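Line by line, the protein sequences give chains A and B.
Just so you know, we're using this note's numbering here: the first sequence kicks off at 11 and counts up by one.
Just so you know, we're using this note's numbering here: the second sequence kicks off at 11 and counts up by one.
Heads up: the structure comes next, in structure tokens.
Protein chains: 2
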Amino acid sequence: MGYWGIEMRKYSRELDCFFYPEHIAIIGASSEERSIGKQLFTNFMGTKLSKKTYPVNPFHKNVLGKKAYVSVKDIPYDIDLAIIAIPAKHVPNALQDCSDKGVKGVIIISSGFKEAGNEDLTEKMKKIIRENKTMRVVGPNCFGVLMPEIGLNTTFSVKEKSHLPKHGNLSFFSQSGALGVAILDWASTQNFGIHKFMSYGNAIDVDETDILDHMGHDKGSKVVTAYIEEVKRGRKFMETAKKVSKRKPFVVLKGGSQKATHHAISSHTGSLAGDMKVYEAVFKQTGIVHAKNMRELFSFAKILENEPIANGNRTAIITNGGGYGIVTADEFTKNNLTLAKLSSGSIKKLKQILPPAAGFGNPIDMLGGAGEKEYAFATKTALNDKNVDMIAVLVLFNTPTVDQKTVKELIKIKKTAKKPLVVLTFGSGYTQHRKDEFEKGRIITYDYPDIAARSLEALAKYSAFVKR
Amino acid sequence: MGYWGIEMRKYSRELDCFFYPEHIAIIGASSEERSIGKQLFTNFMGTKLSKKTYPVNPFHKNVLGKKAYVSVKDIPYDIDLAIIAIPAKHVPNALQDCSDKGVKGVIIISSGFKEAGNEDLTEKMKKIIRENKTMRVVGPNCFGVLMPEIGLNTTFSVKEKSHLPKHGNLSFFSQSGALGVAILDWASTQNFGIHKFMSYGNAIDVDETDILDHMGHDKGSKVVTAYIEEVKRGRKFMETAKKVSKRKPFVVLKGGSQKATHHAISSHTGSLAGDMKVYEAVFKQTGIVHAKNMRELFSFAKILENEPIANGNRTAIITNGGGYGIVTADEFTKNNLTLAKLSSGSIKKLKQILPPAAGFGNPIDMLGGAGEKEYAFATKTALNDKNVDMIAVLVLFNTPTVDQKTVKELIKIKKTAKKPLVVLTFGSGYTQHRKDEFEKGRIITYDYPDIAARSLEALAKYSAFVKR
Chain A
11 MGYWGIEMRK YSRELDCFFY PEHIAIIGAS SEERSIGKQL FTNFMGTKLS
61 KKTYPVNPFH KNVLGKKAYV SVKDIPYDID LAIIAIPAKH VPNALQDCSD
111 KGVKGVIIIS SGFKEAGNED LTEKMKKIIR ENKTMRVVGP NCFGVLMPEI
161 GLNTTFSVKE KSHLPKHGNL SFFSQSGALG VAILDWASTQ NFGIHKFMSY
211 GNAIDVDETD ILDHMGHDKG SKVVTAYIEE VKRGRKFMET AKKVSKRKPF
261 VVLKGGSQKA THHAISSHTG SLAGDMKVYE AVFKQTGIVH AKNMRELFSF
311 AKILENEPIA NGNRTAIITN GGGYGIVTAD EFTKNNLTLA KLSSGSIKKL
361 KQILPPAAGF GNPIDMLGGA GEKEYAFATK TALNDKNVDM IAVLVLFNTP
411 TVDQKTVKEL IKIKKTAKKP LVVLTFGSGY TQHRKDEFEK GRIITYDYPD
461 IAARSLEALA KYSAFVKR
Chain B
11 MGYWGIEMRK YSRELDCFFY PEHIAIIGAS SEERSIGKQL FTNFMGTKLS
61 KKTYPVNPFH KNVLGKKAYV SVKDIPYDID LAIIAIPAKH VPNALQDCSD
111 KGVKGVIIIS SGFKEAGNED LTEKMKKIIR ENKTMRVVGP NCFGVLMPEI
161 GLNTTFSVKE KSHLPKHGNL SFFSQSGALG VAILDWASTQ NFGIHKFMSY
211 GNAIDVDETD ILDHMGHDKG SKVVTAYIEE VKRGRKFMET AKKVSKRKPF
261 VVLKGGSQKA THHAISSHTG SLAGDMKVYE AVFKQTGIVH AKNMRELFSF
311 AKILENEPIA NGNRTAIITN GGGYGIVTAD EFTKNNLTLA KLSSGSIKKL
361 KQILPPAAGF GNPIDMLGGA GEKEYAFATK TALNDKNVDM IAVLVLFNTP
411 TVDQKTVKEL IKIKKTAKKP LVVLTFGSGY TQHRKDEFEK GRIITYDYPD
461 IAARSLEALA KYSAFVKR
């Protein structure tokens, strides 16, 4: 057992210093208002890490009441993690100090390197890293790490402005810092829990393959998600992705999927975007779940974390609104889902319960008079039908006959369901409350058929990869 | 001036009885708990229409305290609008009574006709309508009409469960009742205002072309939106759509876009879905804005209502987060928007204000230190650049330098802007409040780049049609 009472792994061990540090130095910690150095240090104070966090600042004796050191070398403890947030031109010297001190891991928050055309500074840092051999470096031009379980947060995001997500099972790494933190902030509103987050910026040393390997082995990370602009070590990344994907879903949003944006990427993190066709081929081969936009990234992660592996893509749609069923069926069909053909036995059963004017194809249209009894019966029938792999239950709460009882019934059924089962519903206040109840009962809900379709497709595809 | 103090039109006048009725009969009004007849009648009580609304029910002397009539023929006033909500088999007789009485418009809420295979009942009703010559009929199997401006609501939606949208400039007609009402409910949360809504179901008489013609001429309907499963009179619809589109945007979501869902449509409203390719060709020719899903339907309507016509599709992206800019540029490019090339003069100006490490291409990446000054300057520069047709301003509020001042500046600029200008931002509470401020200041905001891209593309396409 390691320092944090969390089992240490035998793989990618060198990244452990970033997630389980004991002694931490903050180079550039400052009391100056609105400065990054102050925000960074403030984010450590008030956590249980604060006692063993040391400010380094040659211009001040104290930073926010804590004794400051002139150099990291002056700190009388072994430093596991140093975070550097000082102007670019001074970073190589600070990094050299870290190397001399024997610091295990360094996060360089500072920007103004390769992405700003300062190749010489980048080369200096690379030389220091090469010569040290064991010290690992994340960044520069990044936000560092976040691990809600232990209160670790090296980002300089402002607490009043962005919430941090709670502890959970998703891990996420992002080449872009701001986008990463904004996604975390948004995720905090979405019933998501995060295990580990790492923003890795210009990737001067630690790159996407290192992080993927770490999170891929990490038991706390049930699903790994990433925003990537460029892959540095193509072959190694593919090998790693394939191994990880067999164990757990790996969802990727690739920035710079369009030629027209490659120039922007080179000025953002100084990397080359590459041809999207190559990436798509790699994603397919390695079982990577390919999110085409931000909305899909976490939506895919959520369904992959929450739902069982599907036996196929044959989906049953159950609805109390004909039109809603039709637009949903349209989206499902567009997104490579098959509309399940229910067995004749199932249809016979449904005919006993539903009104004669109901639709007994797929969607199963129970009509506007359906209540909890009809919903429970139709859902169970679909779950027991061998021609059905996944189930989408559509509920329009505007009718007089659907209410909380329907929510309760479906949550009860979901508890023992062995097939993926999601709910689609949309509307204002009343519907939003029912949505929250579904989510608390561990049933994923969607407002829009298109994202439900895309998510179920991702689940079906990943399921096929795992079963291959 | 007509009864409602609203100028009557000289076109499609026969539909006016549905939107501006004076005396209203509710056939099937009832006191029975949880019944559609009670809900319907209840929705009329408490509005200023209640005094001239008369229940028709042969089994009761009173309905909710109001004298009930055995037949519509017994009501001692001329009836403009009768609403029928009784079992299908009794509907032809009630309709005959309406015809005899000289009722101008009838809405048949009841279902169980063509969609349930009861062709004979449908034929009986058609005969009555043919013989009457002037009476117009909406439905059956529909929710009728809604007009917030005068409190008219013939839907049987439960008030506690679904909010009605406020009065505004969008009009909406839907073949599906439940979907239509659910969309209205959802719209009530989205800062939308509705002028007229009509759910027309099986379209035994009044069809999509009639309604489009009415809303197309109606001055209160600035944008017309529709959910359509089938078009009955193809040529006439095309002619009408083309004329309407020249005057105002007409946005359509077509249910049954996929072959696999055609069967479901025939059991839903008893109509034939037709080939989507034909529809797509029609949409293009007639300037119809084609929404591919529910999310797009109102998103397109909103941007078309709010933003000026664009000169082209060259879009400038302004951002304080590099990665957010890149995923946005990816989506824009995917959706046929051109990334604008700013003039050298604009770039020169920007270089005077933004830090040297900023990205001066498109996206214009102002970096994480940008505040209201940078946002205002970059936005004005883009507005004044002749190479820019539309502007997307991306704001990540997690940084210490962006706050309400940026919102205020952008709202001020937007007031006099002659080019489409939208904001993208996403995050939790703090960001949501800023989003609300933007929306109140009449700046449309998006969470996700994909829907922003789709909406701007729709605006650019419609603009090109209008300018053709």
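Every residue, glycine too, gets a C-beta built ideally from N, C-alpha and C.
All values reported here derive from a predicted model rather than from experimental measurement.
Would residue i be called buried (16 or more neighbouring beta carbons within 10 Å of its own) or exposed?
i, result
"residue 116 of chain A", "buried"
"residue 13 of chain A", "Any reading at residue 13 of chain A must be qualified, since the residue scores a pLDDT of 43, below 50, and its modelled position is unreliable; no value is offered."
"residue 55 of chain A", "exposed"
"residue 110 of chain A", "exposed"
"residue 69 of chain B", "exposed"
"residue 97 of chain A", "exposed"
"residue 366 of chain B", "exposed"
"residue 20 of chain B", "Model confidence at residue 20 of chain B stands at a pLDDT of 38, short of 50, so the residue's coordinates are unreliable; what they give is reported in the following sentence. Label assigned to residue 20 of chain B: exposed."
"residue 373 of chain A", "buried"
"residue 384 of chain A", "buried"
"residue 213 of chain A", "buried"
"residue 426 of chain A", "exposed"
"residue 475 of chain B", "buried"
"residue 86 of chain B", "exposed"
"residue 362 of chain B", "exposed"
"residue 333 of chain A", "buried"
"residue 460 of chain A", "buried"
Can you check which of these residues, the options, is closest to residue i by C-alpha distance?
i, options, result
"residue 222 of chain B", "B/190, B/84 and B/255", "B/255"
"residue 309 of chain A", "A/75, A/463 and A/148", "A/463"
"residue 377 of chain A", "B/187, B/218 and B/138", "B/187"
"residue 151 of chain A", "A/160, A/165 and A/52", "A/165"
"residue 322 of chain A", "A/330, A/334, A/351 and A/336", "A/351"
"residue 41 of chain B", "B/411, B/66 and B/312", "B/66"
"residue 454 of chain B", "B/271, B/329, B/94 and B/313", "B/313"
"residue 74 of chain B", "B/90, B/298 and B/47", "B/47"
"residue 433 of chain A", "A/460, A/401 and A/410", "A/401"
"residue 234 of chain A", "A/38, A/295, A/241 and A/311", "A/311"
"residue 195 of chain A", "B/406, B/412 and B/252", "B/406"
"residue 319 of chain A", "A/184, A/92 and A/473", "A/473"
"residue 157 of chain A", "A/217, A/404 and A/230", "A/230"
"residue 44 of chain B", "B/167, B/24, B/335 and B/82", "B/167"
"residue 478 of chain A", "A/306, A/294 and A/410", "A/294"
"residue 289 of chain A", "A/247, A/50 and A/81", "A/247"
"residue 359 of chain B", "B/386, B/342 and B/379", "B/386"
"residue 71 of chain A", "A/93, A/414, A/38 and A/403", "A/38"
"residue 398 of chain A", "A/461, A/182, A/452 and A/324", "A/324"
"residue 315 of chain B", "B/437, B/468, B/89 and B/33", "B/468"
"residue 218 of chain B", "B/227, B/203, B/241 and B/232", "B/241"
"residue 132 of chain A", "A/215, A/193 and A/301", "A/215"
Could you pull the DSSP bridge partners for residue i from this structure?
i, result
"residue 81 of chain B", "None; residue 81 of chain B has no bridge partner."
"residue 310 of chain B", "Answer is none; residue 310 of chain B lacks a bridge partner."
"residue 203 of chain B", "B/176"
"residue 117 of chain A", "A/93 and A/148"
"residue 443 of chain B", "According to DSSP, which records beta bridges pairwise, residue 443 of chain B is partnered with nothing at all."
"residue 456 of chain B", "B/434"
"residue 299 of chain A", "A/261"
Practice task
Would you mind listing the beta strand (DSSP E) stretches within the region 376-407 of chain A that are 3+ residues and don't spill past its ends, in chain order?
Solution key: 400-404
Problem - At least three beta-carbon pairs within less than 8 angstroms, the region 192-202 of chain B to the region 215-231 of chain B - result: no
Practice task
Can you check the region 166-199 of chain A for any alpha helix (DSSP H) of at least 4 residues that lies completely inside it and give the ranges in chain order?
Solution key: 187-197
Handout entry: Inter-stretch contact at 8 angstroms, needing at least 3 Cβ pairs: the region 118-131 of chain B / the region 142-162 of chain B
Key = Judged by Cβ distances under 8 angstroms, the region 118-131 of chain B makes contact with the region 142-162 of chain B, as three or more pairs qualify.
Practice task
Count the C-beta pairs between the region 258-273 of chain A and the region 203-215 of chain A that are closer than 8 angstroms, then say yes if the count reaches three, no if not.
Solution key: no
Practice task
Check whether the region 340-359 of chain B touches the region 438-456 of chain B, counting contact only when three or more Cβ pairs, one atom from each stretch, lie closer than 8 angstroms.
Solution key: Under the 8 angstroms Cβ criterion, the region 340-359 of chain B does not count as touching the region 438-456 of chain B, having fewer than three qualifying pairs.
Practice task
Give a yes or no on contact between the region 172-188 of chain A and the region 415-423 of chain B, applying the rule of three or more CB pairs nearer than 8 angstroms.
Solution key: no
Exercise for the section: Pick out the complete alpha helix (DSSP H) segments inside the region 337-380 of chain B, 4 residues or longer, and give them in chain order. Expected result: You should have 354-363.
Handout entry: At least 3 beta-carbon pairs within less than 8 angstroms: the region 101-108 of chain A vs the region 134-149 of chain A
Key = A contact exists between the region 101-108 of chain A and the region 134-149 of chain A.
Exercise for the section: Ignoring anything shorter than 3 residues or poking outside the region 236-274 of chain B, list the beta strand (DSSP E) runs there in chain order. Expected result: Listed in chain order, they are 260-264.
Practice task
Scan the region 25-77 of chain B and note each continuous beta strand (DSSP E) run of 3 residues or more that stays entirely inside, going in chain order.
Solution key: When DSSP assignments are scanned along the region 25-77 of chain B, the uninterrupted stretches of beta strand (DSSP E) that are 3 or more residues long and fall wholly within it turn out to be 34-37 and 63-66.
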